[in-house]
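The opening residue of the sequence shown carries number 6 in our numbering; numbering runs sequentially from there.
Every residue, glycine too, gets a C-beta built ideally from N, C-alpha and C.
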Amino acid sequence: MNQTTSARPSPPSPSPAPEAAAAARGLSRTYGSGPTAVHALHEVDLDLPRGRFTAVMGRSGSGKSTLMHCLAGLDQPSAGTVTIAGTTITGLGDDDLTRFRRDHLGFVFQAFNLLPMLTARQNVLLPLELGGRRIDREVRARLDHVVEVLDLVDRLDHRPGELSGGQQQRVAIARALVSEPDLVFADEPTGNLDSETSAEVLGLLRRGVHELGQTVVMVTHELEAAAHADDVVVLADGRVREHLTSPDAETVTQALLGSALDGSALGVPVGGGTR
Ligand SMILES: Nc1ncnc2c1ncn2[C@@H]1O[C@H](COP(=O)(O)OP(=O)(O)O)[C@@H](O)[C@H]1O
Ligand SMILES: [Mg+2]
Numbered sequence: 006m007n008q009t010t011s012a013r014p015s016p017p018s019p020s021p022a023p024e025a026a027a028a029a030r031g032l033s034r035t036y037g038s039g040p041t042a043v044h045a046l047h048e049v050d051l052d053l054p055r056g057r058f059t060a061v062m063g064r065s066g067s068g069k070s071t072l073m074h075c076l077a078g079l080d081q082p083s084a085g086t087v088t089i090a091g092t093t094i095t096g097l098g099d100d101d102l103t104r105f106r107r108d109h110l111g112f113v114f115q116a117f118n119l120l121p122m123l124t125a126r127q128n129v130l131l132p133l134e135l136g137g138r139r140i141d142r143e144v145r146a147r148l149d150h151v152v153e154v155l156d157l158v159d160r161l162d163h164r165p166g167e168l169s170g171g172q173q174q175r176v177a178i179a180r181a182l183v184s185e186p187d188l189v190f191a192d193e194p195t196g197n198l199d200s201e202t203s204a205e206v207l208g209l210l211r212r213g214v215h216e217l218g219q220t221v222v223m224v225t226h227e228l229e230a231a232a233h234a235d236d237v238v239v240l241a242d243g244r245v246r247e248h249l250t251s252p253d254a255e256t257v258t259q260a261l262l263g264s265a266l267d268g269s270a271l272g273v274p275v276g277g278g279t280r
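Okay, here's the thing in structure tokens:
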């Protein structure tokens with residue numbers, strides 16, 4: 006296994022690795038046109054392996070959100086392809102894409118996005134019910150397992166308003182995991198949580214990967230968040246600058262410093278703090 010993969014797609018890359026949960030090939034996303042065009046993603050090649058917890062990092066404006074939206078079929082790239090669990094989703098029509106997301110992907114957002122009038126259990130099961138899935142014994146067994154791993158057993162009958170922020174995010178994670186999606190996307194999942202609760206939530210996301218066999222891709226600008234991940238993808242100016250496999254904290258820090266010499270990717274002010 007390579008420790009790093011180069012940002013430059015020197016020889017045209019081969020087809021996606023068979024074990025990849027998600028693969029991007031020549032993925033570009035340009036906003037606007039002409040001299041004012043912004044190349045938010047520039048010919049990105051990326052394989053996200055199954056069964057890993059990958060953090061996508063980079064300074065503000067490096068293309069993290071754009072990458073996630075393109076990978077998740079929430080945005081159409083200007084060029085290139087995205088393949089998830091063997092299905093090339095680029096070019097699917099809106100209805101097919103919506104169905105694909107529902108059946109194959111899970112999402113965890115910064116704002117927990119729970120429905121306030123439903124209990125935790127109802128929130129967790131809602132996507133399955135909307136998808137027309139019967140809540141049979143198999144689903145209940147999966148639910149039991151997920152809520153046990155996420156330590157939510159005695160919170161299932163509470164409504165979101167009766168839960169702490171960390172508990173609400175755990176409910177959102179359970180909702181994303183209960184359908185056993187091919188890939189879970191987490192967008193700044195700890196952005197609304199204090200550091201202690203963040204660590205707890207990240208540890209539980211990690212358990213989702215290592216104990217439930219899920220694949221999680223998390224966008225974050227927090228170094229502490231990335232420390233819970235297995236692998237780290239560092240973006241800079243819409244390109245993959247590094248794809249680090251099981252890096253130590255020092256390696257991640259160096260990669261981020263290299264990608265943003267003013268240190269803004271670290272979320273800490275550097276020097277005079279002027280940006
Ligand atoms: N809807 C948009 N219209 C124009 N430019 C955009 C739009 N969305 C993002 N961008 C630009 O694309 C680049 C990447 O943005 P984004 O993916 O949001 O980065 P990040 O999530 O890493 O902060 C930035 O330069 C941003 O200003
Ligand atoms: Mg963003």
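For my contact list, residue i and residue j are in at a C-beta cut-off of 8 Å; report their separation, rounded to the angstrom.
i: Thr59; j: Val238; result: 6 Å
i: Pro121; j: Pro186; result: With 8 Å as the limit, Pro121 and Pro186 do not qualify as a contact, their Cβ atoms being about 24 Å apart.
i: Ser264; j: Ala241; result: 4 Å
i: Val176; j: Leu168; result: 7 Å
i: Val87; j: Leu32; result: 7 Å
i: Val183; j: Arg126; result: At roughly 10 Å, the Cβ-Cβ gap does not stay under 8 Å, so Val183 and Arg126 are not in contact.
i: Arg106; j: Ala77; result: 7 Å
i: Ala29; j: Asp50; result: 6 Å
i: Phe282; j: Asp192; result: Any answer about residue 282 is impossible in this case: the structure gives the chain only from 6 up to 280.
i: Leu46; j: Gly243; result: 5 Å
i: Arg246; j: Val154; result: Arg246 to Val154, Cβ: 34 Å. No contact.
i: Ala179; j: Val152; result: 6 Å
i: Leu210; j: Pro194; result: 7 Å
i: Leu1; j: Gln173; result: It is not possible to answer for residue 1, since the shown part of the chain is limited to 6 through 280.
i: Asp52; j: Ala25; result: 4 Å
i: Thr258; j: Leu249; result: The pair is not a contact, with the Cβ atoms about 11 Å apart (cut-off 8 Å).
Need the endpoints of the alpha helix (DSSP H) that residue i sits in, please.
i: Gly218; result: Note, Gly218: premise wrong, no alpha helix (DSSP H); not H, not E.
i: Leu72; result: 69-76
i: Asp108; result: 99-109
For the beta strand (DSSP E) containing residue i, list its first residue and its last residue.
i: Glu255; result: Taken as a continuous stretch (DSSP letters only), Glu255 belongs to no beta strand (DSSP E), being part of the alpha helix (DSSP H) at 254-264.
Comparing the C-beta of residue i with each C-beta of chain C, is any distance below 8 Å?
i: Asp100; result: Absent from the structure: chain C. Only one protein chain is present.
With which residues is residue i paired in a DSSP beta bridge?
i: Glu247; result: Val239
i: Ile89; result: Ala27, Thr92
i: Val224; result: Val61, Asp192
i: Ala84; result: Ser33
Heavy atoms of ligand 2 versus C-beta positions, residues under 6 Å: The answer, residue by residue, is Lys69, Ser70.
Complete alpha helix (DSSP H) runs within the segment 112-198 (minimum length 4 residues, chain order): 125-135, 142-154, 170-182
Alpha helix (DSSP H) runs contained entirely in the segment 19-62, provided each spans 4 or more residues: none
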